[in-house]
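Numbering (my numbering), first residue to last: 2 to 329.
Here's the structure, in structure tokens; my notes come after.
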Amino acid sequence: MTSTDLSRRAFTFSLAATPAAAAAASLATTLSPTASAKVGGASVLATPLAQIKIGRFEVTFLTDGYTDMPFGYFTGRTPEQVQQAAADIFAARKSGIRISFNQYLVNDGERLILVDSGPAGKIGQTGKLPGALQNIGVKPEAIDAVILTHMHFDHISGLVAGGRANFPNAEVYADRRDVKYFTDPAKRAAAPDFLKSSFDASSEVLRHYPKLQQTDGERQITRGISIVDLTGHTPGHIGVRIEDGGESLLLVSDMLFHPSVHPSAADVGFVFEQDPAAALTMRQRFFPRAAEEKALIAATHMPFPGLGRIVPDNGKLRWLTAEWAHQS
Ligand SMILES: [Zn+2]
Numbered sequence: 002m003t004s005t006d007l008s009r010r011a012f013t014f015s016l017a018a019t020p021a022a023a024a025a026a027s028l029a030t031t032l033s034p035t036a037s038a039k040v041g042g043a044s045v046l047a048t049p050l051a052q053i054k055i056g057r058f059e060v061t062f063l064t065d066g067y068t069d070m071p072f073g074y075f076t077g078r079t080p081e082q083v084q085q086a087a088a089d090i091f092a093a094r095k096s097g098i099r100i101s102f103n104q105y106l107v108n109d110g111e112r113l114i115l116v117d118s119g120p121a122g123k124i125g126q127t128g129k130l131p132g133a134l135q136n137i138g139v140k141p142e143a144i145d146a147v148i149l150t151h152m153h154f155d156h157i158s159g160l161v162a163g164g165r166a167n168f169p170n171a172e173v174y175a176d177r178r179d180v181k182y183f184t185d186p187a188k189r190a191a192a193p194d195f196l197k198s199s200f201d202a203s204s205e206v207l208r209h210y211p212k213l214q215q216t217d218g219e220r221q222i223t224r225g226i227s228i229v230d231l232t233g234h235t236p237g238h239i240g241v242r243i244e245d246g247g248e249s250l251l252l253v254s255d256m257l258f259h260p261s262v263h264p265s266a267a268d269v270g271f272v273f274e275q276d277p278a279a280a281l282t283m284r285q286r287f288f289p290r291a292a293e294e295k296a297l298i299a300a301t302h303m304p305f306p307g308l309g310r311i312v313p314d315n316g317k318l319r320w321l322t323a324e325w326a327h328q329s
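Take a look at the structure:
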């Protein structure tokens, strides 16, 4: 039996021991058959959209889906240690650690800017971004720009659908170092098999978006939206800072993978990292700095919507989920 099972049982047991809880439980039993039939439109409409305001910007959190990463895909620890770290926060599944693929839609009042586009069905339960956009009434043609945080397939594959550019009116931005790396046939030949899909997806993107703008270092994309250099995970791994009216949000992509290991253990990495030493250095630099600045950050693979802060906790660092519902 896992510790999760044990605590769940203990909790259920103590609930049933109090008369009020027993009454609530029996009410739930009475209501559940018809209540579940009635849950439909109304409850969906009442659910808050994962959306926050940063000054004049409206940032909507979307997700292409999720997958379970085997414990052994995390580096710097044994699979058993990673499993235990996940179990400690009730996140150990038989199939590993469930990670999300989050995207961000930024509305500056004039333009719609999408950050990353998801794996689009190439891994796990993904391919949900088009439906997520449709749900909020955004047509692919309405996207004015897409900023790619790096050229791994799980961030760029949604740009192409059915052999066509999925966002035909979008200007696409990616760091020059990543474009160079992921379109280099020699680098592809030398890469392990599981990385080759990122090379192939990069070529696809370049073919369908020949005007893709290659950026160099830190720069502003449009007023209040700028690129932050977070090289390490890939040569051109970047973050996106959204800043207005004294508020800011930093979209940090693959700086943190999951709260079971990050930010508490900067030395835990991931097999997909191009340069593990550079990725480690960047995490060691970024985690304490983000904590010091109390920066509001959002990370692609953290549990949806991936919004939170890095905070000090007894000499270590901890992930603290930020409120997002009812913030607008
Ligand atoms: Zn990623």
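Even for Gly, the Cβ is constructed at its ideal location relative to N, Cα and C.
- The Cβ neighbour count for Ala-326, taken over all protein chains shown within 10 Å, is under 16; the residue is labelled exposed.
- Apart from the 5 residues on each side of it in sequence, Arg-78 sits with its Cβ closer than 6 Å to the Cβ of Val-269 in its chain, given in chain order.
- In this chain, the beta strand (DSSP E) harbouring Phe-102 covers 98–108.
- Excluding its 5 nearest sequence neighbours in each direction, Asp-117 has C-beta neighbours in its own chain below 6 Å: Gln-104, Thr-150 and His-156, listed in chain order.
- Taking 8 Å as the cut-off, the beta carbon of Tyr-74 is found no closer than this to the beta carbon of Ser-101.
- Ala-133 and Gly-119 have their C-alpha atoms some 12 Å from each other.
- Remark: the shortest separation between the CB of Asp-109 and any heavy atom of ligand 1 does not fall under 7 Å.
- Looking at the DSSP output, Val-60 sits in a beta bridge with Ile-53 and Val-107.
- With contacts defined by Cβ atoms closer than 8 Å, Gly-163 and Ala-121 do not form a contacting pair.
- Ranked by Cα distance from Ile-124, the options Met-152, Arg-224, Asp-69 and Lys-140 are led by Asp-69.
- With the criterion CB distance below 6 Å from any heavy atom of ligand 1, the matching residues run His-153, Asp-155, His-156, Asp-255, Thr-301 and His-302 along the chain.
- Residue burial is scored here from C-beta neighbours: Asp-255 has at least 16 other C-beta atoms within 10 angstroms and is therefore classed as buried.
- Assignment of Arg-242 by DSSP, reduced to helix, strand and coil, places it in the strand class.
- A straight line joining the alpha-carbon of Ala-93 with that of Pro-313 spans about 24 Å.
- An exposed status is given to Arg-290, since fewer than 16 other beta-carbon atoms sit within 10 Å of its beta-carbon.
- If the five residues before and after His-263 are omitted, its C-beta is found closer than 6 Å to the C-beta atoms of Leu-257, all from its own chain and listed in chain order.
- A Cβ-Cβ separation of about 17 Å leaves Ala-166 out of contact with Gln-215 under the 8 Å criterion.
- Here the region 234–245 makes no contact with the region 206–213; the two share fewer than three CB pairs at distances below 8 Å.
- Membership of Gly-132 in the alpha helix (DSSP H) is indicated by the continuous run 130–136.
- Taking C-beta atoms under 8 Å as the contact rule, Ala-146 and Ile-222 qualify, at a distance of about 7 Å.
- Ile-98 is positioned such that its CB atom lies closer than 8 Å to that of His-259.
- About 19 Å separates the beta carbons of Phe-91 and Pro-306, which is beyond the 8 Å limit, so they are not a contact pair.
- For Leu-130 against Asp-65, the beta-carbon gap comes to about 4 Å, under 8 Å, which counts as contact.
- A distance below 8 Å between beta-carbons, with the five flanking residues on each side excluded, links Tyr-182 to the following residues of its chain, in chain order: Met-152, Lys-188, Thr-235, Pro-236, Gly-237 and Gln-275.
- Between Ile-53 and Ser-249, the C-beta spacing is not below 8 Å.
- Ranking Gly-225, Pro-277, Phe-168 and Ser-199 by CA distance to the CA of Asp-109 puts Gly-225 first.
- Gly-66 sits in a strand when the DSSP states are folded into three classes.
- For Tyr-182, the enclosing alpha helix (DSSP H) covers residues 177–183.
- Counting every other CB atom within 10 Å of its CB across the protein chains shown gives Asp-179 a total of 16 or more, marking it as buried.
- Between Asp-201 and Glu-219 a beta carbon distance of about 29 Å is seen, past the 8 Å cut, so the two are scored as non-contacting.
- The alpha carbon of Val-253 has as its nearest neighbour, out of Ile-298, Ala-280, Pro-80 and Tyr-210, the alpha carbon of Ile-298.
- Looking only at Ile-137, Leu-115 and Ala-279, the smallest Cα-Cα distance to Thr-48 is reached by Ile-137.
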